[in-house]
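Residue numbers (my numbering), protein chains in the order written: chain A, 107 to 225; chain B, 61 to 172. Idealized CB from N, CA, C, for every residue including glycine. Worksheet: the structure to be examined is printed underneath.
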Amino acid sequence: NAGVMQNPRHLVRRRGQEARLRCSPMKGHSHVYWYRQLPEEGLKFMVYLQKENIIDESGMPKERFSAEFPKEGPSILRIQQVVRGDSAAYFCASSLPGQGAIGSNNEQFFGPGTRLTVL
Amino acid sequence: TQLLEQSPQFLSIQEGENLTVYCNSSSVFSSLQWYRQEPGEGPVLLVTVVTGGEVKKLKRLTFQFGDARKDSSLHITAAQPGDTGLYLCAGGRNFGNEKLTFGTGTRLTIIP
Chain A
107 NAGVMQNPRH LVRRRGQEAR LRCSPMKGHS HVYWYRQLPE EGLKFMVYLQ KENIIDESGM
167 PKERFSAEFP KEGPSILRIQ QVVRGDSAAY FCASSLPGQG AIGSNNEQFF GPGTRLTVL
Chain B
61 TQLLEQSPQF LSIQEGENLT VYCNSSSVFS SLQWYRQEPG EGPVLLVTVV TGGEVKKLKR
121 LTFQFGDARK DSSLHITAAQ PGDTGLYLCA GGRNFGNEKL TFGTGTRLTI IP
């Protein structure tokens, strides 16, 4: 059973270009999360999506960043007009649908990440 | 903002020694996960604890969730070079699908 897949693994962009990061969840997982890890910092939540729905985008910068998880195909994190401060590792995680009850914690499994470098 | 503070931030010990890593918060979490991350890779889930006072063992690793569900510890017995890595705790609030709040991380190095 394949794990969470992300591509590309490395992405280099010049300032002002667009970056598109893709994430395919584990088989059977319908929930996707995006996190960002800045150099020498911990992982920070960005957005949580289900198929065709954004559930929680409280960690997403208000401008230039968007995410989608269409009915078919991978989840995509899109960064427009990248700046040097966007350079980071972006991780996607997936989980099974939750039940919201004690003992039903739905663990998140992470992909290998996409390392974005903005020149 | 919920914060999870891990200590120590860096730890370097000799192979065969024991160690404990701590994860502390002033907030209550419904669940807490421990991950290990290798350079250039994503975090790998080690364990999930959900009940206050819960203890889980994974070979030489022992994980404990505090009674008040505000803190956790990871104890490694007889550390081996393969234990080297970045250890991250992460807390959830709603027993289900939700964002995780990650700790500040403990970078562990085991010297052969």
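Per-residue contacts from Thr169(B) into chain A (C-beta, under 7 Å)
Within chain A, no residue comes near Thr169(B); the closest Cβ sits about 16 Å away, beyond 7 Å.
For Arg190(A), which three-state DSSP category applies?
helix
So for Gly152(B), helix, strand or coil by DSSP?
strand
Assuming Glu174(A) contacts Ile185(A) (C-beta within less than 8 Å), just tell me the rounded distance between them.
Not quite, the Cβ-Cβ distance comes to about 13 Å (not below 8 Å), so this is no contact.
Which residues in the same chain have their Cβ closer than 7 Å to the Cβ of Ile208(A), if we skip the five residues on either side of it in sequence?
Any reading at Ile208(A) needs caution, since the residue's pLDDT is 49, under 50, leaving its predicted position unreliable; the model's value is listed next. Answer for Ile208(A): no residue qualifies.
Host beta strand (DSSP E) of Asp162(A) (start-end):
That run of the beta strand (DSSP E) goes 159-162.
Could you tell me which of Gln74(B), Ser85(B), Glu98(B) sits nearest to Leu63(B), measuring between CA atoms?
It is Ser85(B).
Quick one: what does DSSP say Arg221(A) is sitting in, helix, strand or coil?
DSSP places Arg221(A) in strand when its eight states are reduced to three.
Residues of chain A with a CB under 8 Å from the CB of Glu101(B): which are they?
Pro218, Gly219
Closest to Met166(A) by CA distance: which of Gly152(B), Lys159(B), Val109(B) is it?
Lys159(B)
Name the residues in the segment 153-181 of chain A whose C-beta lies less than 9 Å from a C-beta of chain B; which are they?
Correct list: Val153, Tyr154, Gln156, Ile161, Asp162, Ser164, Gly165.
Buried or exposed: where does Phe70(B) fall if 16 or more other Cβ atoms within 10 Å of its Cβ makes it buried?
exposed
Taking the straight line between their C-alpha atoms, what separation do you get for Gly134(A) and Ser200(A)?
Gly134(A) and Ser200(A): Cα-Cα distance of roughly 10 Å.
Just confirm the distance between the C-beta atoms of Glu65(B) and Thr164(B), as a whole number of angstroms; I'd bet it's less than 8 Å.
6 Å
Asp143(B) (DSSP reduced to helix, strand or coil)
helix
Reference Lys177(A); option with closest CA among Arg121(A), Ile160(A), Trp140(A):
Put simply, of Arg121(A), Ile160(A), Trp140(A) the residue whose alpha carbon is nearest the alpha carbon of Lys177(A) is Ile160(A).
Give a yes or no on whether 9 Å exceeds the smallest Cβ distance from Ala125(A) to chain B.
So no, Ala125(A) is outside the interface.
Quick one: complete beta strand (DSSP E) runs, 3+ long, within the segment 91-116 of chain B?
91-97, 104-109
Which one or two residues does DSSP pair with Ser136(A) in a beta bridge?
Ser136(A) pairs with nothing; no bridge assigned.
Looking only at DSSP bridge pairs, what is Asn113(A) linked to?
Arg128(A)
Buried or exposed: Pro114(A), going by 16 or more other Cβ atoms within 10 Å of its Cβ?
Exposed is the call here.
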